[in-house]
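Residue numbers (my numbering), protein chains in the order written: chain A, 366 to 618; chain B, 15 to 456. Glycine included, each C-beta is placed from N, C-alpha and C at the ideal position. First comes the structure, then the notes that go with it.
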Amino acid sequence: MLDGTGMPQSAVVIGGASDMARDVLRILAGRRLRSVVLAGRSEPALDVVGRELRALGVESVRCRTLDVTAVASLVPFVSEAVADLGEVDLVLVAAGQLGTATLEQLGPGTISSLVATNFSGPAALAMEFAKHMVRQGFGRIVLFSSVAGVRTRKSNFVYGAAKAGLDGFALGLSGALEGTGVGITVVRPGFVTTKMTAGMKPAIFPVDAETVAKAVVRSLETGREVVWVPPQLRYLFALLRLVPTPLWRRLPG
Amino acid sequence: MVAPRDEAEVERLVVKEPDSFGRFSPRGLGRAYGDAAQCAGGTVVDCRGLRSVLGLDRQRGTLRAGAGISFDNLLELLVPRGYFLPVTPGTRFVTLGGAIASDIHGKNHHVDGSLSAHLENLRLVAPAGTFDCGPVQHKEEFDATCGGMGLTGVVTEATLRLLPIESSWMVVDTERAADLDSCLSLLSEEASRYRYSVAWVDGLARGRRLGRSVLTRADHALAMDLPVDRRRQPLSYRAPRVVEVPFASPLSLLRPATVSAFNEMWYRKAPSKRETQLQPLATFFYPLDGVGSWNRLYGPRGFTQYQFVVPFGAERALEHALEKLSGGRVASFLAVLKSFGAAGAGHLSFPMEGWTLALDIPLGVPGLPELLDELDVLVADAGGRVYLSKDARLRPDLVPAMYPRLAEWQAVRARLDPAGVMSSDLARRLGLAGPVLPSTRA
């Protein structure tokens, strides 16, 4: 059950080994978190996070391997996670893959895989959990979008386009869930220094995973629907959206 | 939501066909601060239909009434006839059933105890059957139900011993206390000299002014205390008009700056030396009820309350808590401090001998969840507890320490509701009815 300050006791985390998810879990473990299902592609990486969470006092941790692009495995995964936890207070969808934007490497396979990892897989999981949460009468689903989806550009346009899809899906789902007691949070981080961006040149206003995690936890407390990290990006992108295309394409980064 | 109109309908809901409703939780006026009468994914049983007055015995001074009747209605009935509620909270918008489920206390707890001490009987419709219980017959069921947060069954009616009064007026002494020490010593001094006593503490005052407060202590006025022109109708009572806050403020109007200014003004306004005046009942007992939907002033995130009690001797913990709260700049209107007398019989009843502090907490303030978690630990370590009726966020792991009779209560509850259909968000969040976790670990 979520408490009056939005803190969960049980959570499912998809992309459970990601830096941002891990930092969110560290904070929640110090609050009310008691049982977690961690899902991701690499079981050893999940185990590392699981061990840390147990050390932080989380009573029940289950790690399940999951490939969000394997459509047939999604519904069984949700049923198992629900059976593991009973009530699901929070679902955090942090799966994502930057992939490539090199034209030569982009074929039907790479494109559909990037779209499945960043959009259709997370969207399908959010949908399944949302249906369960509507039945239980409460819950919150946090989805990681990205400023890359606010206006796409050449350096990561497939990733950006997929995140744009997820962002739009999440906001629409949020509207559809009004009055059910189930809430959606869309997180739009800028450049985050994580495993995914290792070796890249930081863009404007870079933040670390912990800063994003703090903003996510804060959004649970306030119930905010859209969270920009850092918050200045909201205003920066309000302007960037208006920049004429020729100029936009010449901006660095 | 279902709204039964009589006991037969409650019995049908609770005993005969509970399966068709999933888990459910009884609700009175729905004014609780926390989630005690919410039941996500289940059914709320709206008990306001059970509001008949079943008998006023003027010889014995007792009242039998349906559990859905509000204190507001009871006051209109009782005061003109020379009776008052034996225990009343700071609002008259609660039902009798809700008051029993919280085993409410009032400003007279140090003299009169909590509500359960004044109940002769209550009728409990539990999934296991209907019980007429009281301090003698079915005492276990009675003790589990008083303060039982509505989790033992639905209370349909109760018989209450009333307090005879000669007038609808209060003789109120008001004075200021410059800091916590002087406030506590005033509250302890001849604790039983006044029937009602309470201190309103400035939750934002710090340093040497920590705990500065205005004490109001009172007794019911006798007819001879009234001025001559009032003596002809000493018991006249009209419920004060309620002025509504018309819409929810888009942001919280109660911020540290505005609240601090208000608290300053209100402290300065109070007399520095003891002053006596006559006040109507409602002015003394229900100062906030005059403003309808006042919660709207807190903006869209709303607020909760934090009320705890620590035993006498743990004054240091009380001071520490006030320091944390004022240091955290958690805009609190006025905090309410008073002393409790001995604990009652209810298994999960909140009051215990000691100091209790209650304050409004606007939700959404950064750092607040962590601050309240620290207070939970402070209170538990001092041997105290947090009030479940006002809670929306307590640390579940501390509940067994704060409520040492929890296991006893759970045993009675398991008998009354073997299938576990009575529930609430509060019960699920705190694991009151037993652990919610799956038993196996990966």
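Asked                                                                                                                         : Found
Proximity to ALA386(A) [Cα-Cα], best of PHE503(A), ARG614(A), TYR600(A), VAL414(A)                                            : VAL414(A)
Outcome for GLU586(A) when other beta-carbon atoms lying within 10 angstroms are tallied against a minimum of 16              : buried
Opposing strand residues paired with ILE375(B) [DSSP bridges]                                                                 : THR318(B)
ASP387(B) burial status per 10 Å Cβ neighbour count (16 or more: buried)                                                      : buried
Length of the line joining the Cα atoms of PHE299(B) and GLY104(B)                                                            : 6 angstroms
Counted within 10 angstroms of its Cβ, other Cβ atoms place VAL450(B) as buried (16 or more) or exposed                       : Since pLDDT at VAL450(B) reaches only 48, below the 50 mark, its modelled position is unreliable, and no value is offered.
Partners in chain A for THR318(B), counting only beta-carbon separations shorter than 8 angstroms                             : GLY369
Best match in ALA349(B), THR170(B), LEU165(B) for proximity to LEU194(B) [C-alpha to C-alpha]                                 : ALA349(B)
Proximity below 8 angstroms, CB of GLY434(B) to CB of GLN501(A)                                                               : no
DSSP-derived helix/strand/coil call for PHE503(A)                                                                             : coil
Residue nearest to ARG255(B) in terms of C-alpha spacing, selected from ASP86(B), VAL108(B), ARG443(B), ALA447(B)             : ASP86(B)
Closer than 8 angstroms to chain B by CB, PHE570(A)                                                                           : no
Cβ neighbours of GLY514(A) in the same chain (closer than 6 angstroms, five flanking residues each side left out)             : GLY525, LYS528, ALA529, ASP532
contact_flag[the region 484 to 500 of chain A, the region 437 to 447 of chain A] where n(CB pairs < 8 angstroms) is 3 or more : yes
VAL413(B) versus ARG397(A): straight-line alpha-carbon distance, rounded                                                      : 13 angstroms
PHE494(A) beta carbon less than 8 angstroms from that of VAL377(A)                                                            : yes
CB contact check: GLY48(B) to chain A, cutoff 8 angstroms                                                                     : yes
Start-to-end residues for the beta strand (DSSP E) that takes in LYS519(A)                                                    : Here LYS519(A) belongs to no beta strand (DSSP E), and DSSP marks it neither H nor E.
CA-to-CA distance, HIS234(B) to GLN374(A), given in whole angstroms                                                           : 48 angstroms
C-beta atoms of ALA213(B) and LEU351(B) nearer than 8 angstroms                                                               : yes
Chain-ordered neighbours of GLN501(A) on chain B, where CB pairs are closer than 7 angstroms                                  : ALA54, GLY55
Exposure label - ARG407(B); buried when at least 16 CB within 10 Å                                                            : buried
Secondary structure of ASN135(B), DSSP reduced to three states                                                                : strand
In chain order, each alpha helix (DSSP H) run of at least 4 residues that lies wholly inside the region 373 to 413 of chain B : 382 to 395
8 angstroms contact criterion, which LEU70(B) and LEU64(B) should meet: CB distance rounded                                   : Contact flag wrong, Cβ pair sits at about 17 angstroms.
Coil, strand or helix - SER274(B) by DSSP                                                                                     : helix
SER453(B) classed as buried or exposed, judged by whether at least 16 other C-beta atoms fall within 10 angstroms             : At SER453(B), the pLDDT of 35 sits below 50, so the modelled position is not reliable; the number obtained from the coordinates is stated separately. Answer is exposed; the Cβ neighbour count stays below 16.
Which residues DSSP lists as bridging ALA526(A), in chain order                                                               : Looking at the DSSP assignment, ALA526(A) forms no beta bridge with any residue, so it has no partner.
Neighbour flag for GLY546(A) against chain B, beta carbons, 8 angstroms                                                       : yes
First and last residue of the uninterrupted alpha helix (DSSP H) at MET184(B)                                                 : Here MET184(B) belongs to no alpha helix (DSSP H); instead the beta strand (DSSP E) covers 183 to 191.
Among TRP183(B), LEU440(B), LEU240(B), LYS121(B), nearest to THR230(B) - alpha-carbon criterion                               : LYS121(B)
Cβ-based neighbour list, ARG190(B), same chain, cut-off 8 angstroms, excluding 5 preceding and 5 following                    : ARG226, SER227, VAL228, LEU229, TYR281, ALA284, PRO285, SER286
Burial state of MET498(A), where buried means 16 or more other Cβ atoms lie within 10 Å                                       : buried
LEU133(B) versus PRO100(B), SER438(B), ALA394(B), residue with shortest Cα-Cα distance                                        : PRO100(B)
Contacts that MET372(A) makes with chain B (C-beta to C-beta distance below 9 angstroms)                                      : PRO383, ARG407
Nearest neighbour of ARG429(A), chosen from GLU417(A), GLY380(A), LYS519(A) [CA to CA]                                        : GLY380(A)
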